[in-house]
Amino acid sequence: METTLIILKPDAVQRGLVGSVVSRFEQKGLQLVGMKLMKISAELAAEHYKDHAGKGFYAGLVRFMTSEPVVVMALRGVGAITVCRNLMGATFGSKAAAGTIRGDFGISNSFNLVHGSDSPEAAARELSLFFKSGEVLDYARASEAWVYDTSGGKAE
Ligand code: IDP
Ligand code: MG
């Protein structure tokens with residue numbers, strides 16, 4: 003099982019798309035293990051996006067991500083990092099495939115609705131930036147044995 007950080011960006015909150023976007027992840031079978039509405043500080047945005055510092059879009063990205071509230075989520079599942087990236091679609095809304103979150107709900111390159119960690123290392127780093135110890139919960143899901151084939155003793 004992997005746990006990944008997803009951020010519903012300010013455009014998703016302002017456009018009233020939180021429910022629709024959360025539904026995509028829920029319907030796939032990912033388990034919601036952390037969630038909150040928050041405003042990202044300039045310091046947190048800089049730390050979160052430190053790999054992008056110096057790029058042409060960096061200042062605008064930090065301005066955007068700190069402009070209005072976001073919803074941060076921790077999602078868990080088998081291969082959750084890649085599963086979520088696939089659900090999100092390509093970075094630019096104008097290029098993202100139909101059927102993906104970015105492909106279905108947006109057309110902008112920068113206002114692309116959602117962030118998702120892109121590796122296990124990034125997920126661990128980003129989860130610890132946005133969730134304090136104890137805010138990501140372990141709990142049994144009643145539907146687990148129907149989301150996964152658990153007959154062999156592990157989720158498949
Ligand atoms: P990702 O979110 O698909 O992982 P990254 O390359 O990590 O894409 O870029 C982080 C974010 O920066 C993107 O989600 C998007 O909001 C913004 N961004 C990336 N490239 C551009 C660009 O060329 N123009 C405007 N914004 C960009
Ligand atoms: Mg990225």
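Taking this note's numbering, the leading residue of the sequence shown gets 3, the next gets one more, and so forth. Where a beta carbon is used, it is the ideal one built from N, C-alpha and C, also for glycine.
- Around the beta-carbon of GLU128, 16 or more other beta-carbon atoms lie within 10 Å, marking it buried.
- Within 10 angstroms of the beta-carbon of GLY62 lie fewer than 16 other beta-carbons, which makes it exposed.
- Within the stretch 120-145, the complete alpha helix (DSSP H) segments at least 4 residues long are 122-132, listed from N- to C-terminus.
- THR5 carries a strand assignment under DSSP once its states are collapsed to helix, strand and coil.
- By a beta-carbon distance limit of 8 Å, VAL64 does not contact VAL20. Their separation comes to about 22 Å.
- Non-local beta-carbon contacts of PHE132 in its own chain, meaning distances under 7 Å to residues more than five positions away in sequence, involve LEU7 and VAL74 in chain order.
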